[in-house]
Amino acid sequence: MKKHYWIVLISIFTIAVMINCIAWNSTEFCDFYVAEIFPVWLNTYGRLTSLFSFSVGEFMIVLGIALLGIAVILGFITTVFLLLRPHSLLTRKIQAAARKYYSVFACILACVTLVMTLNCFPLYHCSTFEDKYMNATEREYSFDELASLRDYIVLKVNTLSRELERDADGFAVYRGNMEQTARESMQKLGNKYSQLAGYYVVPKELCFSNFMSQQSMRGYYFPFSMEANYNGVMTSLNKPSTMCHELAHTKGFIYEDEANLIGFLACVESDDPYFQYSGYLSVLNYIDNDFYKATGKNREVYNTHIKIASEVRRDNRFLTEEARKTMEEKAVIKTETVEKAASEFINTNLLMNGIPEGSLSYAKVVGLLMEYYDGDFDNLPGTAAPGEEYFLVENEN
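Heads up: the sequence shown begins at -1 in our numbering, then just goes up one per residue.
See below:
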């Protein structure tokens, strides 16, 4: 029995290591994997976890922390008894219990390693969305081209901000099933990009959304549960683009910049104005910041372009003041500490998986947007008098 245990344990770790080694050295293998094998996990394991109304992955994290805590405490107790009463019957019983626990713990760790390998690590070494579908040639974009796209996006958010239903406090209201609309929007995009076609898991709100807000995180893809999760306490206009972003990960697009682009496209090509607005808002800060830097941070030049409407600026925030206050009241650890630790973890994780930009990769969506709109810059509406808020007016014919 003991021999079989070690054979199984070593085999699981060996398979995981072999897959990772091949993935790091073969894009062809990874492309085959994401096209032919990865969808099997999505359509089986992903369907299974989608049956639960809560985030299975969140429960697994809590359980994992508890199991790790028990392992540490048990190790401490065993060490103390070995030092103080090394030959007692109680010490031998504690040692036996510890061995059994660590055997189970090692099996769980091996399974988690294998699941993470199957559902995550090879995805970092696949051909990108850009390589597969955009056929773009590398070139330098001009300031005028960047300005044209920036002004177009500002024009769209200014216009869409006036089309939404709002409550008495001025917040945009959504009355449909947002999770289902996100799935349908992604499926619609799958008609254009084949890897995005097919079944989608159900996006789930996280119970620990306040803790997630402390990390300034909008969503998470949990590979170990094949789930797309989102922050439930952030402003609702962040949710559609976040859901679509995380759903993009479940289709094998693991890079953050391309998930940002896919989330954007799914939203803006949706028939739902709320989703369209969320999509344009999701890239507004990235492109506006890049545009401002391109002006040399010259306010006079910046102000000659379309002004972002005051209502858009109000909508374009992560948390309401009330939600931020609640977050701080419920915080067990200081927000600054949590945010710094989360940033370091995400950055390290991305670097370890072969993304040299680390967390800066999120902002690379601007380059992808420039490629996506390449050839259409001259046709984008977006000319306004200096410093004016500007809106599209629908043709009444």
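For every residue, glycine included, the Cβ atom is placed at its ideal position computed from N, Cα and C.
Checklist entry - What are the partner residues of Ala170, as DSSP defines its beta bridges? => result BP columns for Ala170 point to Arg164.
Next on the checklist: Considering only DSSP beta bridges, list what Phe220 is partnered with.
Outcome noted: Bridge partners of Phe220: Glu225.
Checklist entry - Does the distance from the C-beta atom of Leu147 to that of Phe316 stay below 9 Å? => result Not in contact: Leu147 and Phe316 (Cβ atoms no closer than 9 Å).
Item to check | Ala94, enclosing alpha helix (DSSP H) - first and last residue | outcome: Its alpha helix (DSSP H) spans residues 87 to 117.
Item to check | 9 Å Cβ cutoff met for Ala340 and Ser214 | outcome: Taking the C-beta atoms as reference points, Ser214 is found nearer than 9 Å to Ala340.
Checklist entry - Glu326 bridges to which residues according to DSSP? => result Per DSSP, Glu326 has no beta bridge partner at all.
Item to check | Which of helix, strand or coil DSSP assigns to His2 | outcome: Note: His2 maps to helix in three-state DSSP.
Checklist entry - In the DSSP assignment, what are the bridge partners of Glu203? => result According to DSSP, which records beta bridges pairwise, Glu203 is partnered with Tyr228.
Item to check | Continuous alpha helix (DSSP H) assignments of at least 4 residues falling wholly in the stretch 253 to 288 | outcome: Here the runs fully enclosed are 254 to 266.
Item to check | Best match in Leu65, Leu66, Ala94, Gly67 for proximity to Phe79 [C-alpha to C-alpha] | outcome: From the listed residues Leu65, Leu66, Ala94, Gly67, the smallest Cα separation to Phe79 is found for Ala94.
Checklist entry - Which residues in the same chain have their Cβ closer than 7 Å to the Cβ of Val310, if we skip the five residues on either side of it in sequence? => result Listed in chain order, the non-local C-beta contacts of Val310 below 7 Å within the same chain comprise Val155, Asn156, Ser159, local neighbours out to five positions each way being set aside.
Checklist entry - Considering Gly373, what are the terminal residues of the alpha helix (DSSP H) in which it resides? => result Premise fails: Gly373 is in no alpha helix (DSSP H) and is neither H nor E.
Checklist entry - Given that a residue counts as buried once 16 or more other Cβ atoms are within 10 Å of its Cβ, and exposed if not, what is Thr12? => result Exposed, since its Cβ has fewer than 16 Cβ neighbours within 10 Å.
Checklist entry - Quick one: is Ser223 buried, meaning 16 or more other Cβ sit within 10 Å of its Cβ, or exposed? => result Buried, by the Cβ-count rule.
Item to check | C-beta contact flag for Ala21 and Phe103 at 9 Å | outcome: Against a cut-off of 9 Å, the Cβ pair of Phe103 and Ala21 comes out as no contact.
Next on the checklist: Can you look up Lys305 in the DSSP assignment and give me helix, strand or coil?
Outcome noted: In the structure shown, Lys305 sits in a strand (DSSP, three-state: E or B).
Checklist entry - In three-state DSSP terms, what is Thr77? => result Here Thr77 sits in helix by DSSP.
Next on the checklist: In whole angstroms, give me the CA-to-CA distance for Met325 and Tyr228.
Outcome noted: Those two C-alpha atoms are separated by around 16 Å.
Checklist entry - In or out: Lys190 buried (at least 16 other Cβ within 10 Å) or exposed? => result So Lys190 ends up on the exposed side.
Next on the checklist: Taking a contact to mean a Cβ-Cβ separation below 9 Å, would you say Thr47 touches Glu267 in this structure?
Outcome noted: Taking a C-beta distance under 9 Å as the contact criterion, Thr47 and Glu267 do not qualify as a contact pair.
Checklist entry - How many whole angstroms separate the CB atoms of Val336 and Gln212, which I take to be in contact at a CB cut-off of 8 Å? => result That belief holds up - the Cβ atoms of Val336 and Gln212 are roughly 4 Å apart, short of 8 Å.
Checklist entry - Roughly how many angstroms separate the alpha carbons of Tyr31 and Leu66, rounded to a whole number? => result Their Cα atoms are separated by approximately 32 Å.
Next on the checklist: Please return the same chain residues whose Cβ sits closer than 7 Å to the Cβ of Ala329, not counting the five positions on each side in sequence.
Outcome noted: The beta carbon of Ala329 lies closer than 7 Å to those of Gln212 in the same chain, with the five residues before and after it left out.
Item to check | Integer Cβ distance of Asn314 from Val281, believed to fall under 8 Å | outcome: With 8 Å as the limit, Asn314 and Val281 do not qualify as a contact, their Cβ atoms being about 11 Å apart.
Checklist entry - Is it buried or exposed for Ala14, if we count other Cβ within 10 angstroms and need 16 for buried? => result Ala14 is classed as buried because its beta carbon has at least 16 other beta carbons within 10 Å across all chains shown.
Item to check | Asp255 vs Lys362 beta-carbon contact at 9 Å | outcome: Yes, they are a contact pair.
Item to check | Segment limits, alpha helix (DSSP H) that includes His247 | outcome: Start and end: 237 to 247.
Item to check | Stretch-stretch touch, CB-based, cutoff 8 Å, three pairs: the stretch 244 to 252 with the stretch 269 to 281 | outcome: The count of Cβ pairs closer than 8 Å, one atom from the stretch 244 to 252 and one from the stretch 269 to 281, stays below three, leaving the stretches out of contact.
Item to check | Beta-carbon proximity check, Gly44 vs Val199, cutoff 9 Å | outcome: Between Gly44 and Val199, the C-beta gap is smaller than 9 Å, which places the two residues in contact.
Checklist entry - What separation, rounded to the nearest whole angstrom, lies between the Cα atoms of Gly294 and Lys338? => result Rounded to whole angstroms, the separation of the alpha carbons of Lys338 and Gly294 is 29 Å.
Checklist entry - Is DSSP giving Met16 helix, strand or coil here? => result Three-state DSSP puts Met16 in a helix.
Next on the checklist: What does the Cβ neighbour count give for Asn117, buried or exposed, with the cut at 16 atoms within 10 Å?
Outcome noted: Burial call: buried.
Checklist entry - Is the beta carbon of Thr115 less than 9 Å from the beta carbon of Asn18? => result Closer than 9 Å, so yes.
Next on the checklist: Would Leu61 and Ala292 qualify as a contact pair, given that the criterion is a beta-carbon distance under 9 Å?
Outcome noted: No, these two residues do not count as a Cβ contact at 9 Å.
Next on the checklist: When you compare the CB positions of Ser207 and Asn236, do they come within less than 9 Å of one another, or not?
Outcome noted: In this structure, Ser207 sits away from Asn236, with a CB-CB distance that is not shorter than 9 Å.
Checklist entry - What separation, rounded to the nearest whole angstrom, lies between the Cα atoms of Phe289 and Tyr139? => result Each residue's Cα considered, the two are about 12 Å apart.
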